[in-house]
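Numbering (the working numbering), first residue to last: 5 to 467. To start, the structure itself, in structure tokens.
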């Protein structure tokens with residue numbers, strides 16, 4: 005080191021692990037604008053920019069095996085820029101510590117060129133140059149920080165190497181291309197937006213390729229999460245539709261089988277025929293149990309409203325004089341309408357029917373009904389929309405008790421019925437006793453005399 009002290013060329017050594025200088029000759033002290041060696045060695049360089057840190061790491065790696073590099077560096081002694089040509093190598097101290105040895109020669113660089121070089125070094129965009137074979141020629145600090153080496157060939161960066169060659173060939177043919185690809189970096193797999201274009205190597209004059217990369221991992225993962233959420237929603241909706249369709253298509257005919265066989269068994273048939281009806285009913289009940297298991301319905305899924313968060317008050321006890329009740333039943337299946345009419349008729353209840361939701365709304369508007377029984381899956385207008393339309397009608401008719409009579413009794417469906425304005429839900433295949441009990445109870449309730457605008461406290465004050 006004593007021989008270096010007398011040289012006019014600035015020479016200094018820098019420890020990249022400690023981020024401090026360890027030696028400088030007099031010319032280097034002058035270059036750095038330092039009054040003394042102790043003052044220079046006391047400087048802390050740990051707050052350097054990410055680009056300079058990445059560049060310093062690259063120098064340490066590439067010179068560790070004895071290689072010497074020559075590069076332009078711009079330093080800022082006392083805040084003033086100074087561009088030098090630096091010859092850089094690795095030197096080992098007596099204790100075996102590797103340090104970077106800088107030999108500098110000041111050069112004059114045009115302001116525009118200096119700014120362009122600094123912008124290239126400090127940009128967050130990863131910029132690399134490759135020759136026509138895909139061998140690396142240059143990486144800016146951002147690219148080095150991402151890959152940890154300047155020796156990565158073009159193809160080795162891709163998680164799917166087969167995508168690399170067509171892009172390289174297109175650029176060498178003069179085409180510009182861009183794409184989003186999964187890239188192998190020091191941090192693992194990342195998504196990069198790639199901009200690939202042909203360039204002429206200013207050193208050799210040969211055709212090469214410039215690769216610009218921007219990390220878009222967060223954006224890609226956000227989009228993937230959005231798509232996954234949409235797919236999950238679509239799958240849930242498909243499952244819901246499957247369960248709804250299966251429930252409707254299997255339980256609707258069972259409603260007729262179980263219901264009519266129950267009516268027959270109580271119709272005063274001779275014992276042999278009554279036994280046949282009972283066997284049909286029993287077989288229907290067993291098949292219903294299998295259907296329930298197939299569509300994974302628990303006992304809680306087929307109970308009527310309310311839901312856990314809301315409680316609907318039970319209607320008043322059934323009126324013994326059920327014959328006075330008028331019931332409207334809305335259902336698109338002939339067998340269901342015939343069964344309910346037969347059950348109601350046996351109880352002396354007047355029952356009229358409508359074939360779809362739109363007809364049901366018209367019948368509700370024009371008639372005077374004590375209870376409306378509403379199927380859900382119907383053409384023209386379904387039971388949920390029909391219920392909303394009836395609830396929008398003025399006067400007492402808009403408050404008529406509406407009971408869903410449906411095979412669709414999944415928990416989320418029950419919530420939908422309640423939100424639409426339904427008062428209760430009876431599952432198909434229906435239990436005849438349960439049906440009559442609920443119709444009688446809701447029909448006997450004092451819903452006509454309920455005035456939602458009446459304020460008893462205000463009335464008491466007036467009185």
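C-beta: ideal position from N, C-alpha, C; glycine also.
### Task
Measure the alpha-carbon distance for residue 36 versus residue 198 and round it to whole angstroms.
Here residue 36 refers to the residue found at position 32 when the chain shown is read from its first residue. Here residue 198 refers to the residue found at position 194 when the chain shown is read from its first residue. Each residue's Cα considered, the two are about 39 Å apart.
### Task
Could you check what DSSP says for residue 269 in three-state terms: helix, strand or coil?
Taking the first residue of the chain shown as position 1, residue 269 is located at position 265. Taken through DSSP and simplified to helix, strand or coil, residue 269 comes out as helix.
### Task
Measure from the C-beta of residue 274 to each C-beta in chain E and report whether the shortest distance is under 8 Å.
Judged by its chain identifiers, the structure shown contains no chain E, having just a single protein chain.
### Query
Among the residues of its own chain, which have a CB less than 7 Å from the CB of residue 350, if the five just before and after it don't count?
Position 346 of the chain shown, counted from the first residue, corresponds to residue 350. Beyond the five residues adjoining it in sequence on each side, residue 350 comes within less than 7 Å, by CB distance, of no other residue in the same chain.
### Task
Under 8 Å by Cβ, that's how I've got residue 59 and residue 125 pegged, so tell me the actual separation to the nearest angstrom.
The residue given as residue 59 occupies position 55 in the chain shown. The residue given as residue 125 occupies position 121 in the chain shown. About 7 Å; that satisfies the 8 Å criterion.
### Query
With contact counted as at least three CB pairs below 8 Å, one residue from each stretch, are the segment 71 to 78 and the segment 87 to 97 in contact?
Three or more beta-carbon pairs separated by less than 8 Å link the segment 71 to 78 to the segment 87 to 97, which places the two stretches in contact.
### Query
In or out: residue 96 buried (at least 16 other Cβ within 10 Å) or exposed?
Position 92 of the chain shown, counting from 1, holds the residue named residue 96. Exposure of residue 96 is indicated by the presence of fewer than 16 other C-beta atoms within 10 angstroms of its C-beta.
### Task
Would you mind working out which of 193, 170 and 330 sits nearest residue 151, comparing C-alpha positions?
Locating residue 151 in the chain shown gives position 147, where the first residue counts as 1. Minimum Cα distance to residue 151 is reached at 193.
### Task
Please say whether residue 332 and residue 368 have beta carbons closer to each other than 8 Å?
Here residue 368 is taken as the residue at index 364 of the chain shown, counted from 1. Here residue 332 is taken as the residue at index 328 of the chain shown, counted from 1. Going by C-beta atoms, residue 368 is nearer than 8 Å to residue 332.
### Task
Enumerate in chain order the residues of its own chain whose CB-to-CB distance from residue 377 is below 6 Å, with the five nearest sequence positions on each side excluded.
Taking the chain shown and counting its residues from 1, the one referred to as residue 377 is at position 373. Within the same chain, and ignoring the five residues on either side of residue 377 in sequence, the residues whose Cβ sits closer than 6 Å to its Cβ are 333, 407 and 409.
### Message
Rounded to the nearest angstrom, what separates residue 301 and residue 342 at their Cα positions?
### Response
Against the chain shown, residue 301 aligns to sequence position 297. Against the chain shown, residue 342 aligns to sequence position 338. Residue confidence for residue 301 is low, a pLDDT of 46 falling below 50, so the modelled location carries little weight and cannot support an answer.
### Query
Under 8 Å between the Cβ atoms of residue 103 and residue 162?
If you number the chain shown from 1, residue 103 lands on position 99. If you number the chain shown from 1, residue 162 lands on position 158. For the pair residue 103 and residue 162, the CB atoms are not nearer than the 8 Å cut-off.
### Message
Would residue 210 and residue 136 be called neighbours here (beta carbons separated by less than 8 Å)?
### Response
Counting from 1 along the chain shown, the entry for residue 210 is found at position 206. Counting from 1 along the chain shown, the entry for residue 136 is found at position 132. Going by C-beta atoms, residue 210 is nearer than 8 Å to residue 136.
#### Entry: Close-in-space but distant-in-sequence residues of the same chain around residue 403 (CB under 6 Å, 5 per side omitted)
Numbered from its first residue, the chain shown carries residue 403 at position 399. Here the set comprises 451.
### Query
Helix, strand or coil for residue 137 per DSSP?
Locating residue 137 in the chain shown gives position 133, counting from the first residue. Three-state DSSP puts residue 137 in coil, outside helix and strand.
### Task
With DSSP as the reference, label residue 67 as helix, strand or coil.
The residue you call residue 67 lines up with position 63 of the chain shown. In this structure, residue 67 counts as helix in the three-state DSSP scheme.
### Query
Which term fits residue 307, buried or exposed, when burial requires 16 or more other beta carbons within 10 angstroms of its beta carbon?
Start at 1 with the first residue of the chain shown, and residue 307 comes out as number 303. For residue 307, the predicted structure reports a pLDDT of 39, less than 50, and the residue's modelled location is therefore unreliable. The matter cannot be settled from this model.
### Query
Any idea what DSSP makes of residue 259, helix, strand or coil?
Numbered from its first residue, the chain shown carries residue 259 at position 255. Three-state result, residue 259: helix.
### Query
Cα separation between residue 445 and residue 335?
Numbered from 1 along the chain shown, position 441 holds the residue referred to as residue 445. Numbered from 1 along the chain shown, position 331 holds the residue referred to as residue 335. Going by C-alpha positions, residue 445 is about 21 Å away from residue 335.
### Message
Looking at the secondary structure, which residues open and close the beta strand (DSSP E) in which residue 194 lies?
### Response
For the purposes of this step, residue 194 is taken as the residue at position 190 of the chain shown. It spans 192 to 204 - the beta strand (DSSP E) in which residue 194 sits, taken as one unbroken run.
### Query
Taking the DSSP output, what are the residues bridged to residue 183?
Stepping through the chain shown from its first residue, residue 183 is reached at position 179. DSSP, once it has assigned bridges, lists 198 as partnering residue 183.
#### Entry: Sub-8 Å separation of residue 380 and residue 388 beta-carbons
Position 376 of the chain shown, counted from the first residue, corresponds to residue 380. Position 384 of the chain shown, counted from the first residue, corresponds to residue 388. Against a cut-off of 8 Å, the Cβ pair of residue 388 and residue 380 comes out as a contact.
### Query
Are residue 28 and residue 44 touching if we call contact CB-CB under 8 Å?
Taking the chain shown and counting its residues from 1, the one referred to as residue 28 is at position 24. Taking the chain shown and counting its residues from 1, the one referred to as residue 44 is at position 40. For residue 28 and residue 44, yes; Cβs fall inside 8 Å.
### Query
Taking buried to mean at least 16 other C-beta atoms within 10 Å of its own C-beta, is residue 9 buried or exposed?
Stepping through the chain shown from its first residue, residue 9 is reached at position 5. Flag for residue 9 reads exposed.
### Query
Applying the criterion that 16 or more other CB atoms from any shown protein chain within 10 Å of the CB defines a buried residue, is residue 314 buried or exposed?
For the purposes of this step, residue 314 is taken as residue 310 along the chain shown, with counting starting at 1. The pLDDT assigned to residue 314 is 32, lower than 50, so where the model puts this residue is not dependable; a value taken from the coordinates is nonetheless given after this. So residue 314 counts as exposed.
### Task
Have a look at 241, 180, 176 and 216 and flag the residue whose alpha-carbon is nearest the alpha-carbon of residue 146.
Walking along the chain shown from the start, residue 146 turns up at place 142. Comparing Cα positions, the closest option is 216.
### Task
Return the residue from the list 253, 292 and 264 that minimises the CA-CA distance to residue 280.
Start at 1 with the first residue of the chain shown, and residue 280 comes out as number 276. That would be 264, whose Cα lies nearest to the Cα of residue 280.
### Message
Taking DSSP's pairing of strands, which residues face residue 330 in a bridge?
### Response
For the purposes of this step, residue 330 is identified with residue 326 of the chain shown, where counting begins at 1. Under DSSP, residue 330 forms a beta bridge with 354.
### Backbone secondary structure at residue 19 - three-state DSSP
Mapped onto the chain shown, residue 19 falls at position 15. Shown here, residue 19 sits in a strand according to DSSP, grouped into three states.
### Query
From residue 108 to residue 34, what distance separates their C-alpha atoms?
Mapped onto the chain shown, residue 108 falls at position 104. Mapped onto the chain shown, residue 34 falls at position 30. Computed Cα separation, rounded: 12 Å.
### Query
Identify the residues that DSSP records as bridge partners of residue 87: which are they?
Within the chain shown, the letter at position 83 stands for residue 87. When beta bridges are read from the DSSP output, residue 87 appears opposite 78.
#### Entry: Collapsed DSSP secondary structure at residue 174 in the structure displayed
Within the chain shown, residue 174 is the residue found at index 170, counting from 1. DSSP, read as helix, strand or coil, puts residue 174 in helix.
### Message
Counting beta carbon pairs with one atom in the segment 410 to 426 and one in the segment 239 to 248, are three or more of them shorter than 8 Å?
### Response
In short, these stretches touch, since the Cβ pair count reaches three.
### Message
Between which two residues does the beta strand (DSSP E) holding residue 103 run?
### Response
Taking the first residue of the chain shown as 1, we reach residue 103 at position 99. Unbroken beta strand (DSSP E) run through residue 103: 102 to 110.
### Task
On a CA-only basis, which of 149, 153, 288 and 129 is nearest residue 139? Give me that one, please.
Here residue 139 refers to the residue found at position 135 when the chain shown is read from its first residue. Put simply, of 149, 153, 288 and 129 the residue whose alpha carbon is nearest the alpha carbon of residue 139 is 153.
### Chain-order list of residues whose beta-carbon lies under 8 Å from that of residue 205 (same chain, five-residue window excluded)
By one-based count along the chain shown, residue 205 stands at place 201. For residue 205, same chain residues with a beta-carbon under 8 Å away, outside a window of 5 residues either side, are 133, 135, 141, 211 and 212 in chain order.
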